[in-house]
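The sequence shown maps to residues 227 to 857 in our numbering. Structure record follows, encoded as structure tokens.
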Amino acid sequence: MKDKGQEKKRRAFWQARLDDARRQYAEKRERMDRREDCYKGTRHIPAAGGGAAKAAGNVRNIIYELIESQVDASIPQPRVTAVHPEDRQLAKKIEAMLLAQIRQRNFKEMNDEQERTVPIQGGDFWHVEWDPEGGFHCQMGDLSVELRHPKQVIPQPGVYDLEKMDYLFVLVSQSRRALEKRYGVRLPEEGESDVAARTAAEEGAVEGLVTQNIAYYRNSSGGVGCFSWVGDVTLEDMEDYQSRRQWVCAGCGATVDPPRGGKAARCPVCGAKSARSEPVRVQALPRDVTLPGGEVLAAVSEGPAQPVVNPDGTLQRDEVTGEIILMPGEVQPTVVPAYSPGSYPLVLRRNVRLFGQLLGASDVDAVEDQQVAINKYGTKIQEKLLKGGSYVTLPQGVNIETTDRELKIIRLKNPADKALISVLNIQPDTSRDQQMLEVNYSWAKSTLGITDAFQGKYDASATSGTAKQFSANQSAGRLQSKREMKNQAYARLYKLMFQFMLAYADEPYPMTLRGPDGTVEYAHFDRYEFLKRDAAGQLYWNDEFLFDVDPASNLAANRETLWTMIDQKYQAGAFGPLGETASLYRLWTLLAETGYPHAEAMKASVGQQLEKEQGGQAQESALPGKGGSVL
């Protein structure tokens with residue numbers, strides 16, 4: 227561990243950088259709170275000319291409506307392409323591993339939250355880490371993927387590409403007790419230093435929570451370093467954060483067990499009780515590994531034979547032959563280079579890219595003026611209608627009953643007073659206000675490229691079903707850029723997840739594969755299958771794969787449409803002649819692959835029928851005169 231003085235200087239250095247970056251990012255974070263309020267339906271109406279703001283009496287929340295109209299619940303499925311032809315099977319295993327991770331993690335919930343955060347704020351982040359406590363029973367660790375709101379990520383000022391930043395900060399509200407247990411430290415009894423990292427700043431701090439400040443930075447070798455602290459307590463200080471690490475004795479450097487409960491284990495060599503964590507560049511093979519070329523890489527190897535030395539220092543020789551007597555060499559473990567991802571553990575998903583801006587364009591910013599105008603017109607219409615009504619004119623000194631009784635009595639002094647009684651209906655004209663309200667609503671929809679047909683509403687401009695579909699497609703085309711940004715972000719996320727699995731997943735990761743016939747195959751993702759030897763004879767980790775998303779994933783998510791298309795293909799004869807058992811088997815195989823209810827049972831039944839037919843044809847061909855022979 228570093229001495230207290232050096233540790234204090236490091237903490238002061240990063241705290242100063244955080245304060246400067248947060249100060250320059252403060253205006254954007256305040257704007258994020260305003261956008262969230264607009265989405266929730268704020269009643270705040272800014273007054274013209276800088277006067278006092280007023281509250282809207284009636285809010286038609288078009289921002290909520292238009293953002294919800296764009297929500298896409300589908301998760302783009304990974305598609306991995308091998309750069310080298312011999313790696314095609316490995317690419318399929320990567321896809322299967324990523325699909326298993328998608329099912330295991332709460333990706334549907336994260337995607338649902340991102341589908342709103344991204345258009346509101348212009349972007350959102352994934353935070354990928356390795357959880358040493360995760361995984362199945364036979365695993366030591368697993369991936370951890372969490373969302374980070376743009377308010378929680380403080381970028382380096384003036385840099386708008388994550389991988390080009392020298393440093394960036396992630397602020398996370400954590401439980402004090404959880405951090406003390408994880409890092410084995412005692413944290414001060416103070417609250418959150420940055421409430422905005424958890425919620426709106428005006429909400430106030432919560433007892434028992436603290437703000438963990440995490441700084442990721444580029445080290446001198448181009449890797450990723452990490453410095454983490456809470457208040458005046460340092461939690462982590464790793465120059466090479468993503469390298470594999472081991473605990474060694476601070477005195478003699480011998481390998482020791484990791485500390486437990488914040489206490490270091492006693493060194494078996496020198497007996498010291500202080501230890502430090504240091505990066506390792508190589509690691510020992512846990513078992514024999516077969517390289518892609520067929521070479522078997524043994525986990526241990528025997529060193530060169532050593533001559534037997536007499537007590538006087540002379541070499542022992544065989545009395546008959548006179549040759550030097552050799553003893554077997556010391557058994558040594560085989561070491562391979564350690565893999566490191568080498569990129570920041572954050573992935574940014576933008577809404578729409580903008581020059582000179584880290585996050586993309588916000589939909590709320592684009593239509594906020596229209597939302598404010600609609601709030602004003604809605605309030606004005608309501609006030610006009612509420613202030614209107616019916617008025618009764620009466621002669622001087624005449625009163626009427628105001629009860630709910632059906633028959634009311636008016637006492638007149640003379641019959642001439644009856645002519646003075648009348649009712650005036652005062653109904654204000656709100657047609658112009660309603661017209662302007664709808665005009666602003668149309669402007670907002672036009673700005674974001676959303677039509678009534680896209681929202682599933684009645685579209686008077688569509689004179690036929692084809693015209694309505696064309697209108698919906700045109701709107702979807704305008705939103706294509708946002709879908710492409712989503713696909714690219716997921717592709718980068720899948721690549722980072724693979725890199726973390728390649729770096730830290732020492733035990734095989736269980737997963738399932740589907741064969742060409744739709745059957746389920748059980749396999750494992752073994753990172754040692756990606757160990758190769760280059761032309762110079764050096765071992766390296768093969769991460770040369772192209773990551774993309776499957777363009778058919780959105781169609782696969784809409785299973786009813788997919789099943790309808792499969793039925794149409796069957797009727798067109800794409801599976802073979804109609805009515806034949808082989809054609810039916812192909813049909814039910816594909817339906818089972820796409821999750822059609824009870825398709826597996828029908829596939830098995832048709833498969834049995836197909837086997838019987840094929841068996842009968844084989845017996846018939848074996849009869850005399852049918853092409854067979856009889857012994």
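For every residue, glycine included, the Cβ atom is placed at its ideal position computed from N, Cα and C.
Rounded to whole angstroms, what is the Cα-Cα separation between residue i and residue j?
i: L836; j: Q714; result: 44 Å
i: P494; j: K230; result: 27 Å
i: D774; j: Q608; result: 52 Å
i: R314; j: E819; result: 22 Å
i: E355; j: L373; result: 11 Å
i: K634; j: R261; result: 55 Å
i: R312; j: A761; result: Here residue 312 is Glu; the residue named in the question, Arg, does not match the sequence. Cα to Cα, E312 sits roughly 16 Å from A761.
i: A670; j: S446; result: 49 Å
i: D678; j: R704; result: 14 Å
i: K610; j: A599; result: 16 Å
i: E465; j: D514; result: 32 Å
i: T481; j: A404; result: 28 Å
i: E549; j: E755; result: 44 Å
i: A798; j: E664; result: 47 Å
i: R248; j: G614; result: 52 Å
i: Q840; j: L804; result: 18 Å
i: G833; j: M791; result: 23 Å
i: Y811; j: F801; result: 9 Å
i: V297; j: R709; result: 11 Å
i: E632; j: E256; result: 58 Å
i: P537; j: C496; result: 29 Å
i: R269; j: E627; result: 40 Å
i: K318; j: N666; result: 50 Å
i: K694; j: Q706; result: A caution first: K694 carries a pLDDT of 49, below 50, which makes its placement in the model too unreliable to give a value.
i: A645; j: L638; result: 11 Å
i: V578; j: R243; result: 29 Å
i: V508; j: A525; result: 14 Å
How would you call residue i, buried or exposed, if buried means at least 16 neighbouring beta carbons within 10 angstroms?
i: N337; result: buried
i: K375; result: It should be pointed out that residue 375 corresponds to His in this sequence rather than to Lys. That one is buried.
i: V396; result: buried
i: R753; result: buried
i: R402; result: buried
i: T460; result: buried
i: K390; result: exposed
i: L719; result: buried
i: D793; result: exposed
i: I320; result: buried
i: M258; result: buried
i: G479; result: exposed
i: Q843; result: exposed
i: I346; result: buried
i: R424; result: buried
Please work out which residues of its chain come closer than 6 Å, Cβ to Cβ, to residue i, disregarding the five sequence neighbours upstream and downstream, and give them in chain order.
i: G623; result: none
i: S454; result: I440, L461, E462
i: V534; result: Q542, I551, M553
i: D350; result: Q340, T343, V344, R575
i: G283; result: T605, Q608
So, at 8 Å on beta carbons, what are the nonlocal neighbours of residue i in its own chain, with the 5 sequence-adjacent residues on each side left out?
i: E335; result: none
i: Q250; result: P383
i: T516; result: V522, L523
i: M662; result: A599, Y603
i: P654; result: K610, L611, K613, G614
For the ligand GDP, I want to know if residue i counts as a neighbour, meaning its beta carbon is within less than 8 Å of at least one of the ligand's heavy atoms.
i: K708; result: Summarising the ligand content, the structure contains no ligands, and the ligand GDP is consequently not present.
Under 7 Å Cβ to Cβ from residue i, same chain only, skipping five residues before and after it: list those, please.
i: Y584; result: Sequence check: residue 584 is Leu here, not Tyr. P381, Y386, listed in sequence order.
i: C264; result: I289, V590, E594, Q597
i: Y766; result: P563, K758, D760
Would residue i count as contacting chain D if we go by Cβ distances under 9 Å?
i: A592; result: The chain labelled as chain D is not found in the depicted structure, where only one protein chain is given.
Assuming residue i and residue j make a contact with CB atoms under 8 Å, what is their CB distance in whole Å?
i: T619; j: S648; result: 5 Å
i: G451; j: Y467; result: 5 Å
i: S588; j: G348; result: 4 Å
i: V456; j: T437; result: 7 Å
i: F771; j: V306; result: 5 Å
i: D659; j: Q725; result: That pair is no contact at about 57 Å.
i: P736; j: F362; result: 7 Å
Per the contact definition of three or more C-beta pairs closer than 8 Å, is the region 827-842 in contact with the region 811-819? Three or more beta-carbon pairs drawn from the region 811-819 and the region 827-842 are found closer than 8 Å, and the two stretches are therefore classed as touching.
Counting pairs of Cβ atoms below 8 Å between the region 582-601 and the region 283-291, do you hit three or more? Counting Cβ pairs under 8 Å, three or more are found: they touch.
Specify whether the region 728-740 and the region 560-569 touch according to this definition: at least 3 beta carbon pairs, one from each stretch, less than 8 Å apart. The region 728-740, when compared against the region 560-569, does touch it at the 8 Å Cβ threshold.
Within the chosen definition, does the region 499-508 reach the region 469-485 through at least 3 CB pairs nearer than 8 Å? Contact holds: three or more Cβ-Cβ distances are below 8 Å.
Three or more C-beta pairs under 8 Å: does that hold for the region 421-441 against the region 554-564? In short, these stretches do not touch, since the Cβ pair count stays below three.
Would you call the region 546-557 and the region 526-534 in contact, with 3 or more CB pairs under 8 Å? Touching, yes, given that three or more Cβ pairs across the two stretches are closer than 8 Å.
Assess, as a yes-or-no matter, whether the region 320-335 is touched by the region 292-303 under the definition of 3 or more beta carbon pairs within less than 8 Å. Short answer: they touch.
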